[in-house]
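Q: Protein chains in written order, with the working numbering: chain A, 4 to 115; chain B, 2 to 110. Ideal placement from N, C-alpha and C gives every residue a C-beta, glycine not left out. These figures come from a predicted structure and were not determined experimentally.
(1) Return no unless some Cβ of chain B is closer than 8 Å to the Cβ of residue 93(A).
(2) Mark residue 59(B) as exposed unless 16 or more other C-beta atoms lie within 10 angstroms of its C-beta, in which case mark it buried.
(3) Counting Cβ pairs closer than 8 Å, one from the region 4 to 20 of chain A and one from the region 61 to 73 of chain A, do we hit at least three?
(4) Could you tell me whether the region 14 to 25 of chain B touches the region 38 to 47 of chain B, where touching means 3 or more Cβ pairs closer than 8 Å?
(5) Is residue 91(B) buried or exposed, if buried means 16 or more other CB atoms sit within 10 Å of its CB?
(6) Out of 6(A), 37(A), 22(A) and 11(A), which has the shortest C-alpha to C-alpha gap to residue 85(A)?
(7) Along chain A, which residues have their Cβ under 9 Å away from the Cβ of residue 102(B)?
(8) Return the residues of the region 98 to 110 of chain A that lie within a Cβ-Cβ distance of less than 8 Å from chain B, sorted by chain order.
(9) Rounded to whole angstroms, what's the CA-CA distance from residue 16(B) to residue 83(A)? Just pull it up for me.
(10) Please classify residue 13(B) as buried or exposed, where buried requires at least 16 neighbouring CB atoms within 10 angstroms.
(11) Could you please give the first and the last residue of the uninterrupted beta strand (DSSP E) stretch that includes residue 91(B)?
(12) Looking at the structure shown, is residue 18(A) part of a helix, part of a strand, or coil, going by DSSP?
(13) Residue 86(B) CB to nearest chain A CB: under 8 Å?
(14) Residues of the region 24 to 51 of chain B with a CB closer than 7 Å to any CB of chain A: list them in chain order, please.
(15) Can you give me the C-alpha to C-alpha distance between residue 32(A) and residue 11(B), rounded to a whole angstrom?
(16) Using CA atoms only, rank isn't needed, just tell me which of 51(B), 39(B), 106(B) and 41(B) is closest to residue 64(B).
(17) Compile a chain-ordered list of the residues in the region 60 to 84 of chain B whose CB is closer than 8 Å to at least one CB of chain A.
(18) In this structure, does DSSP put residue 43(B) in helix, strand or coil?
(19) I need the DSSP call for residue 87(A), collapsed to helix, strand or coil.
(20) Assign residue 95(A) to one of three DSSP states: helix, strand, or coil.
(21) Just to make sure I have the definition right: I need the residues of chain A whose C-beta is within less than 8 Å of the C-beta of residue 97(B). Which are they?
And the structure:
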């Protein structure tokens, strides 16, 4: 089944403790992206990648890092999480770039 | 930057009713998509529709790019149609999709 898989689905962590949210797709898509969704603010893009080793900032990249070492994987890294990063996070992929999105199931992150 | 406005913000329907959701955008776009976020939070792609009209079962969508709007039609609504509907637009060469704030739909049995 064609899908985007995010892990974990739910995560509660403490301020400052590094964490990684994984994202993997099995559709050989070139383009992958991370979004966060907050009440009243909608979905905002954090980072995107147009292919292996090609990444760029979205609208809200502060406090996040990404890497794209393999085509299928696009992990989101929070080096020092803070409470304002509590949010619902989605990974998406598409082919070609700018094409039809497939979203992962989301990761609900709480930073205390 | 480009502004994306959706209307109405909230909509309550009786099962079986039809509805039209609108997405206006403030500048020319290369790509446009419609999504449904179900009550469990999952985002499902409904249409990739930069222009023209598409249909998928009870749903159809029309984008008039020259007039900067898109419409999503839901016919014979069902309770499973409840959730939030988002449109998202991408300006050519930016590789960034901007999402509207959504239309929250509730379909009553």
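A: Judging by the given coordinates:
(1) By 1-based counting over the first chain, the position of residue 93(A) is 90. With its beta carbon less than 8 Å from one in chain B, residue 93(A) belongs to the interface.
(2) Counting from one through the second chain, the residue named residue 59(B) turns up at place 58. The residue is exposed, with fewer than 16 neighbouring Cβ atoms inside 10 Å.
(3) No, the region 4 to 20 of chain A is not in contact with the region 61 to 73 of chain A.
(4) For the pair of segments examined, the region 14 to 25 of chain B was found not to touch the region 38 to 47 of chain B: the number of CB pairs separated by less than 8 Å stays below three.
(5) Here the question's residue 91(B) lines up with position 90 in the second chain. It is buried - the Cβ of residue 91(B) has at least 16 other Cβ atoms within 10 Å.
(6) Indexing the first chain from 1 puts residue 85(A) at position 82. It is 22(A) whose Cα lies nearest to the Cα of residue 85(A).
(7) Walking along the second chain from the start, residue 102(B) turns up at place 101. Near residue 102(B) (Cβ distances below 9 Å), the residues of chain A are 43, 44 and 45.
(8) If you check each beta-carbon in the region 98 to 110 of chain A against every beta-carbon of chain B, the ones closer than 8 Å belong to 100, 101, 102, 103, 104, 105, 106, 108 and 109.
(9) Start at 1 with the first residue of the second chain, and residue 16(B) comes out as number 15. Start at 1 with the first residue of the first chain, and residue 83(A) comes out as number 80. Whole-angstrom Cα-Cα distance: 47 Å.
(10) Your numbering for residue 13(B) matches position 12 in the second chain. Residue 13(B) sits exposed, since fewer than 16 C-beta atoms from the chains shown fall within 10 Å of its C-beta.
(11) Translated into the one-based positions of the second chain, residue 91(B) becomes position 90. Note, residue 91(B): beta strand (DSSP E), 84 to 91.
(12) Within the first chain, residue 18(A) is the residue found at index 15, counting from 1. Assignment of residue 18(A) by DSSP, reduced to helix, strand and coil, places it in the coil class.
(13) The residue labelled residue 86(B) in the question sits at position 85 within the second chain. It does not: the Cβ of residue 86(B) has no partner Cβ on chain A nearer than 8 Å.
(14) Within the region 24 to 51 of chain B, contact with chain A at the beta-carbon level (separation under 7 Å) is assigned to 31, 32, 34, 42, 43, 44, 46 and 49.
(15) What you label residue 32(A) is simply residue 29 of the first chain in a count that begins at 1. What you label residue 11(B) is simply residue 10 of the second chain in a count that begins at 1. Between the alpha carbons of residue 32(A) and residue 11(B) lies a distance of about 34 Å.
(16) Within the second chain, the letter at position 63 stands for residue 64(B). In terms of CA proximity to residue 64(B), 51(B) leads the group 51(B), 39(B), 106(B) and 41(B).
(17) Residues of the region 60 to 84 of chain B with a C-beta atom less than 8 Å from some C-beta of chain A do not occur.
(18) Numbered from its first residue, the second chain carries residue 43(B) at position 42. Per DSSP, reduced to three states, the secondary structure at residue 43(B) is coil, with no helix or strand assignment.
(19) Here residue 87(A) corresponds to residue number 84 of the first chain, with the count starting at 1. Assignment of residue 87(A) by DSSP, reduced to helix, strand and coil, places it in the helix class.
(20) Position 92 of the first chain, counted from the first residue, corresponds to residue 95(A). If DSSP states are grouped into helix, strand and coil, residue 95(A) belongs with the strands.
(21) Within the second chain, the letter at position 96 stands for residue 97(B). Proximity of chain A to residue 97(B) at the Cβ level (cut-off 8 Å) is accounted for by 48, 51, 61 and 62, in chain order.
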